[in-house]
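Report on the structure given below.
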Amino acid sequence: MSPYNPLAEALNNDLLAGAPQIFNMLSERGKAIYFPFKGILGQTAEAKAVKINATIGTAFENDGSPLTLECMEALVNIPSDSFLYAPSFGLPKLREEWGKLLAIKNPGLKGKTFSLPVVTAALTHALTIAGYLFLDPTDEVIIPNLYWDNYELVFTEAFGAKFAFYNTFVNGGFDVAAFSKALNSGKVGKKFVLLNFPNNPTGYTPTEAEAKALAVEIRKAAEAGNQVIVVLDDAYFGLVYEEGITQESLFSLLVDLHPNVLGVKLDGATKEDYVWGFRVGFITFGFKGAGAAELKALENKAAGTVRGSISNAPCVSQAMLLKAYTAPEYAAQKKQKYEILSARVRKIRETLKAHPEYAQSFEVMPFNSGYFMCVKPIGVDCETLRKELIANYSTGVIVLVGLIRLAFSAVPTDLIENLFANIHAAIQKLRG
Ligand SMILES: Cc1ncc(COP(=O)(O)O)c(C=O)c1O
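The sequence shown lines up with residues 1 to 432 when you count with my numbering.
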């Protein structure tokens, strides 16, 4: 007898019929999850048009409008039906709009097939869903050795997976050879790759040539018989400040790369639309030869994971974003905010150029995008430096994986010179 619920079995059969290699990428949890269309949600949907609707646990006034406190309604300029639950898949119009935006922001997706995005409670939750669907405790996450530290909680603590690290940079660029070696080490089979560009903590995005080279390596691994799940954490998408750096998500290259390569794109409003507390993100799937039934099966499994973890993402936030994305002023305002961050990166470059003596105090790691950059202090301990900067220079920085991470996103442009002057002075002082 199958260990799975018949609804999971049906989704698994859709995958097995159209793309057995994708079924084989699923974790045990991923195989077992399904969207409960026949439960409360399904029964509620069937009763949508009835006169007396005693199905779902939301409240309505006697006139049929959502029962809400007027003082709360007065706080947001959106219809009160946004106070109700959003579907676990997300608001249908927002999913559609984000799908359209993906194609506009990534011209390389033109004419290519990918799933409709499923809404998550922002990127961390999307990462958790990716772990839930694809990681068993015996699996490894192939990841560069400079990474966002929360990946530890999400992937190793929650799902028991191990990290397989590779070197991040070589000669001022991404170490594609180290990536390839990590991807091809061990036995042929399922591989879980996690890539995050623009990167936290380094602020690095590959050049166009590096992005193509990464795709070539992934294709070669797939041709060798590996089933490669490539999870793209695109949290900082669009914030690329320099020439020659890839402007598109790697997703554009992955969705039609090889049947053995599943692209799992995680993105959302948090960083790119500057709404950190809204908690809205997306998970989108694509692979070469994907049919509608297989993509729908993956969407259903993702939405089932949403239903089983947070039930649904905040509806007020989703409604506000949908309104913003279709507002005529959205694109111009976004460009204006991008220019602020871009100007800070120019200021950093100018400052470093004007002060060659800083090279005695720290090495500047490659950066070109996102919210951050990193420096590697010379001759002092990072944690001692961090404490010294707070105590005597009124300057806060983050220590991560042996580096000092500087969030230029949070530093006014006219304080950037001071930031670097303080770091240099503190290092010189500590070195005596
Ligand atoms: C690389 C990366 N991914 C994901 C996240 C989390 O995003 P969210 O706040 O949408 O969960 C962050 C936030 O710092 C991040 O740096």
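Every residue gets a Cβ at the ideal spot worked out from N, C-alpha and C, and that includes glycine.
How would you call V50, buried or exposed, if buried means at least 16 neighbouring beta carbons within 10 angstroms?
-> exposed
- Leaving out five residues before and five after V188 in sequence, what residues of the same chain have Cβ atoms less than 8 Å from its Cβ? A224, G225 and N226
Next on the checklist: My assumption, with CB atoms under 8 Å, is that G304 sits in contact with P198. Please give the rounded CB distance.
Outcome noted: So it is not a contact: roughly 31 Å between Cβ atoms.
* Asked: Which class does E61 belong to by DSSP, given the choice of helix, strand or coil?
  -> coil
| field | CB-CB length for I33 against K296, believed under 8 Å | value | Contact flag wrong, Cβ pair sits at about 14 Å.
Discussion item. List, from N- to C-terminal side, the beta strand (DSSP E) runs of 3 residues or more that fit wholly inside the segment 202-285.
Written reply: 227-233 and 261-268
Q.
Within 10 Å of its beta-carbon, does N62 have 16 or more other beta-carbons around it, so buried, or fewer, so exposed?
A. exposed
message: So V375 and F362 are supposed to be a Cβ contact under 8 Å. How far apart are they, rounded?
response: 4 Å
Practice task
Could you tell me which of P79, Q247 and N24 sits nearest to A103, measuring between CA atoms?
Solution key: Q247
field: Residues that DSSP places opposite M373 in a beta bridge
entry: L406
Q: Determine the direct distance from the alpha carbon of A426 to that of E97, and round the result to whole angstroms.
A: 48 Å
>> Taking the alpha helix (DSSP H) that L194 belongs to, which residues open and close that run?
In response: Run containing L194: none in the alpha helix (DSSP H); it sits in the beta strand (DSSP E), K190 to L195.
**Request:** With DSSP as the reference, label K48 as helix, strand or coil.
**Result:** coil
Assigned secondary structure, A161 (DSSP; H/G/I helix, E/B strand, else coil) = coil
L60: buried (16+ other C-beta within 10 angstroms of its C-beta) or exposed?
A small fix is needed here, since residue 60 is Phe in this sequence, not Leu. Exposed.
>> Using the three-state DSSP reduction, which class does G396 fall into: helix, strand or coil?
In response: coil
Checklist entry - How is the beta strand (DSSP E) around P92 delimited, first residue to last? => result From DSSP, P92 is part of no beta strand (DSSP E) but of the alpha helix (DSSP H) over P92 to K105.
(request) Within 10 angstroms of the Cβ of D381, are there 16 or more other Cβ atoms? Answer buried if so, exposed if not. (result) exposed
**Residues near M25 by beta carbon distance below 8 Å, same chain, minus five either side** = F134, K190, Q227, I229 and L262
Q. Where in the segment 334-390 do unbroken runs of the beta strand (DSSP E), each at least 3 residues long, occur, reported from the N-terminal end onward?
A. 362-364 and 372-377
Q) Counting along the chain, where does the beta strand (DSSP E) carrying T120 start and finish? A) V118 to T120
- Check whether the Cβ atoms of H424 and Y358 sit closer than 9 Å, and answer yes or no. yes
Beta-carbon separation of F433 and P328 under 9 Å?
Not covered by the structure: residue 433. The range shown for the chain is 1 to 432.
Just the C-alpha distance for L67 and L84, rounded to the nearest angstrom, thanks.
-> 9 Å
**Request:** May I ask you to check if the CB of N12 is nearer than 8 Å to at least one heavy atom of ligand 1?
**Result:** no
TODO: Give the range of the beta strand (DSSP E) segment to which P144 is assigned.
DONE: E140 to P144
- Alpha-carbon to alpha-carbon, G291 and Y151: 31 Å
Query raised in the report: Any beta-carbon of chain B closer than 9 Å to the one on I40?
Result: The structure shown has no chain B; it contains just one protein chain.
The alpha helix (DSSP H) enclosing Y325, as first and last residue numbers
C315 to Y325
Cβ-heavy atom distance, R279 to ligand 1, below 8 Å = yes
Next on the checklist: So the candidates are L69, F89, G90 and S88; which of them puts its Cα closest to the Cα of V80?
Outcome noted: It is Ser, not Val, that sits at residue 80 in the sequence shown. Residue L69 is the option with its Cα nearest to S80.
Check: When burial is assigned at 16 or more other CB atoms within 10 Å of the CB, is L253 buried or exposed?
Finding: buried
CB contact flag (P3, R307, <9 Å)
no
- Message: Do L403 and P201 have their beta-carbon atoms positioned less than 9 Å apart in this structure?
- Response: yes
Comparing alpha-carbon positions, which option in N418, K105 and S311 lies nearest I129? S311
Inset, instruction - May I ask you to check if the CB of N184 is nearer than 8 Å to at least one heavy atom of ligand 1? - result: no
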